[in-house]
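Residue numbers (the numbering used here): 2 to 425.
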């Protein structure tokens, strides 16, 4: 038994819900494949906790062991890459490229966006210094040859955390108005492809707007997406619309520098009779919910639930039972359902590497979901949808226009989420 915290999300893997991530970096000139290959091997040497392969022990436990094979650097194709396969050397991390764009593909089991950025930044820095010589690095760069710090590996002892009751818990219940879209995606063989758009908003314009209405990117986009949802979905008596904001809680549990994924959700409930309120007023409602739920006690509670689920998986007799237990006790799937999701990790420091980055988009799973990254000059929003219908995108652009924000929007892209090959 490995007891490696990075292995447990693998038990929840499904072909339709792979728990994988793509980070898409658009540069200012065509990718040099040879330089990228060299940079990739240099960078992965700094992250032994990412250079792993999946195994299966006699008890049906997934294990993660060191993988000394080169990390794959492959041309991007119009298909999903298969992590863990021979094509990628058995790794759960792989790089693809095309023209001026690099995709960093990885399993969400090992890390989330925060941890994935460790690897992305180092790889890009090694690449850029080959092309341009010495550059000022990001402040948090982890360079090849430097030691792995204790804080990077931090997975707290749950027994050391307080068990005080939170002052407030979200009790809004489950919104049910997105289920028709989700079921169509899951059940119809003609609707299984999922798509995204890239929306770029000038940073100065967005932050000036945020200051004017006393909002943050998270709360503003949550308010805007309520407007979108209220126009997209039909009102049904006794229902409501809710959004959720992804909240990183590593600081609450003393894991500030950890590469591991510590995320919970802030839930914001809106009523149908609020649909004509201004974005400014809706933003204030979202801020109120954020304040109420931004309690370390809720983070401790979330972490205890995660650790309990891990222990429950370990107690199951075989792989089939472990997978069943994981799906029924998932910290992700047992959250209250929401109509839409907003995930913003904050502005990313790239050092002088950022001068060569034209776009930075995170691609994940989910419907009516915004993944948001901030560069120095632009907010890069990935608007993710099930199905090809452009109406949800058009409604979002309508709200941006109504609020006087300028933007650029891409064509519709297929997500091509990475899949995972497991040992038999």
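Idealized CB from N, CA, C, for every residue including glycine. Please read all numbers here as calculations on a predicted model, not as lab measurements.
Of the listed residues the options, nearest to residue i (C-alpha basis)
{"i": "residue 124", "options": "402, 258, 104 and 229", "result": "104"}
{"i": "residue 421", "options": "8, 143, 9 and 21", "result": "21"}
{"i": "residue 74", "options": "219, 286 and 90", "result": "90"}
{"i": "residue 403", "options": "225, 288 and 371", "result": "225"}
{"i": "residue 353", "options": "130, 296 and 251", "result": "130"}
{"i": "residue 175", "options": "347, 346 and 334", "result": "334"}
{"i": "residue 274", "options": "236, 166 and 419", "result": "236"}
{"i": "residue 425", "options": "61, 42 and 13", "result": "61"}
{"i": "residue 336", "options": "299, 372 and 276", "result": "299"}
{"i": "residue 173", "options": "365, 99, 272 and 4", "result": "272"}
{"i": "residue 133", "options": "118, 378 and 355", "result": "355"}
{"i": "residue 171", "options": "215, 290, 206 and 380", "result": "290"}
{"i": "residue 351", "options": "378, 83 and 122", "result": "122"}
{"i": "residue 381", "options": "345, 16, 405 and 416", "result": "345"}
{"i": "residue 167", "options": "17, 14, 378 and 295", "result": "295"}
{"i": "residue 376", "options": "23, 204, 106 and 157", "result": "204"}
{"i": "residue 330", "options": "288, 34 and 308", "result": "308"}
{"i": "residue 284", "options": "248, 251 and 216", "result": "216"}
{"i": "residue 23", "options": "154, 84 and 65", "result": "84"}
{"i": "residue 391", "options": "221, 378, 312 and 195", "result": "195"}
Same chain, Cβ closer than 6 Å to residue i, neighbours up to 5 away in sequence not counted
{"i": "residue 408", "result": "200, 202 and 401"}
{"i": "residue 128", "result": "36, 37 and 40"}
{"i": "residue 152", "result": "258"}
{"i": "residue 255", "result": "157"}
Residue i, DSSP secondary structure in three states
{"i": "residue 361", "result": "strand"}
{"i": "residue 1", "result": "The structure shown has nothing for residue 1, since the chain only spans 2 to 425."}
{"i": "residue 164", "result": "coil"}
{"i": "residue 192", "result": "In this prediction, residue 192 scores a pLDDT of 49, lower than 50, which makes its location untrustworthy; the coordinate-derived value is nonetheless stated afterwards. The answer is coil: DSSP assigns residue 192 none of H, G, I, E or B."}
{"i": "residue 53", "result": "strand"}
{"i": "residue 7", "result": "helix"}
{"i": "residue 1", "result": "For residue 1 there is no data in the structure shown, the boundaries of the chain being 2 and 425."}
{"i": "residue 243", "result": "strand"}
{"i": "residue 341", "result": "strand"}
{"i": "residue 154", "result": "helix"}
{"i": "residue 84", "result": "strand"}
{"i": "residue 40", "result": "helix"}
{"i": "residue 256", "result": "coil"}
{"i": "residue 451", "result": "No information on residue 451 is available, as it lies outside the stretch 2 to 425 that the chain covers here."}
{"i": "residue 2", "result": "Unreliable placement is indicated for residue 2, whose pLDDT of 49 sits below 50; the coordinate value is still reported in the next sentence. Coil at residue 2, not helix or strand."}
{"i": "residue 32", "result": "coil"}
{"i": "residue 315", "result": "helix"}
{"i": "residue 114", "result": "helix"}
{"i": "residue 224", "result": "helix"}
{"i": "residue 248", "result": "strand"}
{"i": "residue 60", "result": "coil"}
{"i": "residue 274", "result": "helix"}
{"i": "residue 327", "result": "helix"}
{"i": "residue 230", "result": "helix"}
{"i": "residue 134", "result": "coil"}
{"i": "residue 144", "result": "coil"}
{"i": "residue 434", "result": "It is not possible to answer for residue 434, since the shown part of the chain is limited to 2 through 425."}
Any chain D beta carbon closer than 9 Å to residue i
{"i": "residue 361", "result": "Protein chains in the displayed structure number just one, and chain D is not present."}
DSSP bridge partner residues for residue i (one or two, in chain order)
{"i": "residue 414", "result": "197"}
{"i": "residue 348", "result": "375"}
{"i": "residue 385", "result": "197 and 370"}
{"i": "residue 107", "result": "22 and 94"}
{"i": "residue 203", "result": "379"}
{"i": "residue 102", "result": "27 and 99"}
{"i": "residue 396", "result": "Residue 396 pairs with nothing; no bridge assigned."}
{"i": "residue 74", "result": "96"}
{"i": "residue 420", "result": "83"}
{"i": "residue 409", "result": "201"}
Cutoff 7 Å; reference residue i; Cβ partners in own chain excluding five residues on either side
{"i": "residue 116", "result": "260, 261 and 262"}
{"i": "residue 293", "result": "169"}
{"i": "residue 10", "result": "20, 109 and 110"}
{"i": "residue 51", "result": "45, 94, 111 and 120"}
{"i": "residue 229", "result": "393, 396, 397 and 400"}
{"i": "residue 341", "result": "226, 230, 244, 369 and 370"}
{"i": "residue 88", "result": "73"}
{"i": "residue 357", "result": "28, 29 and 129"}
{"i": "residue 190", "result": "In this prediction, residue 190 scores a pLDDT of 47, lower than 50, which makes its location untrustworthy; the coordinate-derived value is nonetheless stated afterwards. Answer for residue 190: no residue qualifies."}
{"i": "residue 314", "result": "9, 12, 323, 326 and 327"}
{"i": "residue 25", "result": "102, 104, 362 and 364"}
Other residues of its chain near residue i: CB distance less than 8 Å, five sequence neighbours each side excluded
{"i": "residue 77", "result": "97, 98, 99, 102 and 104"}
{"i": "residue 79", "result": "415 and 417"}
{"i": "residue 460", "result": "No answer is possible for residue 460: it lies beyond the span of the chain, which begins at 2 and ends at 425."}
query = Can we say the segment 291-308 touches the segment 147-164, given the rule of at least three CB pairs closer than 8 Å?
reply = Contact check between the segment 291-308 and the segment 147-164: three or more CB pairs, one atom from each, fall below 8 Å, which counts as touching.
message = Using 8 Å as the cut-off, can you tell me whether the segment 239-247 makes contact with the segment 144-157, which would need three or more C-beta pairs spanning the two stretches below that distance?
response = no
query = Does the segment 276-284 come within contact of the segment 319-326, defined as at least 3 CB pairs closer than 8 Å?
reply = no
Any 3 or more C-beta pairs closer than 8 Å across the segment 47-60 and the segment 133-142 = no
ask   = With a cut-off of 8 Å, do at least 3 Cβ pairs link the segment 203-213 to the segment 268-277?
value = no
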